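Under my numbering, read the sequence shown as residues 12 to 106, first letter to last.
Every residue, glycine too, gets a C-beta built ideally from N, C-alpha and C.
Small disclaimer: the values here were computed from a predicted structure and weren't measured.
Read the structure below first, then the notes.
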Amino acid sequence: MTQASQALYELNLNDLIDQVTTHHAALMRCRQFSGHMNVSGDHLELVVDEDDEVLLTRKFDLNDKFILQRLRGVITTMQEIMPASSAFETTGGVA
Numbered sequence: 012m013t014q015a016s017q018a019l020y021e022l023n024l025n026d027l028i029d030q031v032t033t034h035h036a037a038l039m040r041c042r043q044f045s046g047h048m049n050v051s052g053d054h055l056e057l058v059v060d061e062d063d064e065v066l067l068t069r070k071f072d073l074n075d076k077f078i079l080q081r082l083r084g085v086i087t088t089m090q091e092i093m094p095a096s097s098a099f100e101t102t103g104g105v106a
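What follows is the structure, encoded as structure tokens:
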């Protein structure tokens with residue numbers, strides 16, 4: 012990978028990690044959801060529970076060559092489970 016393409020890849024990866032963090036935080040602000048997100052080294056772990064039942068659990072290796080697609084997929088999943096009412100609340104939802 013050239014230096015320019017590597018820089019673009021890292022920029023995209025960091026942006027997607029920020030989006031995952033934002034969406035996860037928005038879900039955690041909704042009363043029905045709980046869970047955690049952990050980023051350590053080259054791994055990201057994401058857990059979302061709804062009413063004490065595991066709804067979503069993902070573990071990512073950030074060195075995986077398909078990580079960009081995997082992160083986009085989990086962002087879409089979190090958008091789909093986000094309650095519609097949270098878009099109208101000042102304490103919930105994703106802007």
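| Item | Value |
| --- | --- |
| CB of L73 within 9 Å of CB of M89, strictly | no |
| DSSP state of G52 mapped onto helix, strand, coil | coil |
| Whole-number beta carbon distance between D75 and R81, since they are thought to touch under 8 Å | 7 Å |
| The alpha helix (DSSP H) enclosing L24, as first and last residue numbers | 14 to 39 |
| Sequence-distant residues of the same chain with beta carbon closer than 6 Å to R69, five excluded per side | L57, V85 |
| Whole-number beta carbon distance between F77 and H54, since they are thought to touch under 8 Å | That pair is no contact at about 15 Å. |
| Pairwise C-alpha distance: L79 and V65 | 24 Å |
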